[in-house]
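Presented below is the structure to which this report refers.
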Amino acid sequence: MQGPLPLEHTIRYSGQITLKGVAAVRIDNVSSGRQISEIGRELYSAVGLLLNNPFGKVNIDSINIKMSMAPVSTTASIWAVDVSQTTVRPGQTITASVALRSYRSQEETAAIDLKIPETLAAGTYKIQIMGGPEYQSFVSKMAPQRFIAVDLTSLETALDNRFKTRRDRLYAVMQTPASGVVIRRHELGQLPPTKMLLMQDSKRLQPLEPYKAWTENHIELDRIVDGSAEIEVTVKQ
């Protein structure tokens, strides 16, 4: 293809960075309204992290990327959210009806379910409905340890965690209470209180961070969703 991209366009791309002796780094996503150079930067950043990592030499066998372009925009924004109920019991499922608005298109509605954990304590909680970019930010804030590298294996895992968040999904998440800790990259969720006291001993040299938990669900769409919305629900026993 020659010349600039159409003003309205959607690019679907997939591929992998094949490495000697270790698992390949896979990329599979979609973008709309972005330049090919921006997509290329995702690939370049991954290659740069692999080649310039401080843990050991990485040999790249090959880089393969496939792209397809359609002259349409597939971006939609979250306009409104209605839920089936705002008072629930543990184990029940809430259904959110999400109104999506696109440029020069009719409003569409998507439905997404979120099951309330069976063991969730009574209280008030917030359910967040969001698109892929907002979900990536949510996970980065809640669990930054998933994107930290301390060796080659964890570097590959961090890259995989970064690339597996698709833009053409709608997510529902709800933060839940947790009593665990994070030691560097290792998540120890729901520890007994006595174990927590031992782990938090000031004489320990390993850095500890509080473990944050959430429940989530996602659905596949033919749209790239931007934005987020928040609903407050009450859980009763």
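Note that the sequence shown covers residues 92 to 328 in this note's numbering.
Idealized CB from N, CA, C, for every residue including glycine.
Alpha helix (DSSP H) segment containing residue i, residue limits
i, result
"Arg237", "It is not in any alpha helix (DSSP H) - Arg237 carries neither H nor E in the DSSP assignment."
"Tyr302", "Unbroken run through Tyr302: none, as it is neither H nor E."
"Leu142", "127–142"
Sub-8 Å separation of residue i and residue j beta-carbons
i, j, result
"Met265", "Lys303", "no"
"Ile156", "Leu134", "yes"
"Leu191", "Ser159", "no"
"Tyr226", "Thr256", "yes"
"Val172", "Val189", "yes"
"Ile207", "Val179", "yes"
"Thr177", "Leu205", "no"
"Ile154", "Ile108", "yes"
Burial state of residue i, where buried means 16 or more other Cβ atoms lie within 10 Å
i, result
"Val241", "exposed"
"His100", "buried"
"Ser122", "buried"
"Arg258", "buried"
"Arg275", "exposed"
"Met92", "Its pLDDT being 48, under 50, Met92 is placed unreliably in this model, and the value from its coordinates should be taken loosely. With fewer than 16 other Cβ atoms within 10 Å, it is exposed."
"Gln328", "exposed"
"Gln219", "buried"
"Arg314", "buried"
Residue closest to residue i, alpha-carbon to alpha-carbon, out of the options
i, options, result
"Leu312", "Ala201, Lys206, Thr306, Ile169", "Ala201"
"Pro301", "Glu323, Ile310, Thr267", "Thr267"
"His277", "Ala263, Gly318, Pro235", "Pro235"
"Tyr104", "Arg195, Ala263, Gln219, Gly131", "Gly131"
"Leu246", "Leu299, Ser231, Phe229, Gly147", "Gly147"
"Glu199", "Leu205, Gln183, Gly223, Trp170", "Trp170"
"Glu321", "Glu209, Ser153, Ala115, Phe229", "Phe229"
"Ala161", "Val174, Gly124, Leu299", "Gly124"
"Gly182", "Gln197, Arg195, Gly280, Ala213", "Ala213"
"Ile239", "Asn144, Ser128, Gly106, Glu129", "Asn144"
Residue interval of the beta strand (DSSP E) (run including residue i)
i, result
"Gly106", "101–110"
"Ser188", "184–193"
"Ala161", "151–161"
"Thr267", "260–267"
"Met166", "Before going further, note that residue 166 is Thr rather than Met in the sequence given. Start and end: 166–174."
"Arg117", "116–123"
"Ser319", "319–326"
"Ile203", "199–206"
Assumed close pair residue i, residue j - CB separation to whole angstroms, cut-off 8 Å
i, j, result
"Val113", "Leu243", "7 Å"
"Phe254", "Ile118", "5 Å"
"Thr306", "Thr215", "No, Thr306 and Thr215 are not in contact; Cβ-Cβ is about 15 Å, not under 8 Å."
"Ser319", "Met221", "4 Å"
"Asn308", "Ala263", "5 Å"
"Ser193", "Thr166", "7 Å"
"Val149", "Leu110", "6 Å"
"Val316", "Gly223", "7 Å"
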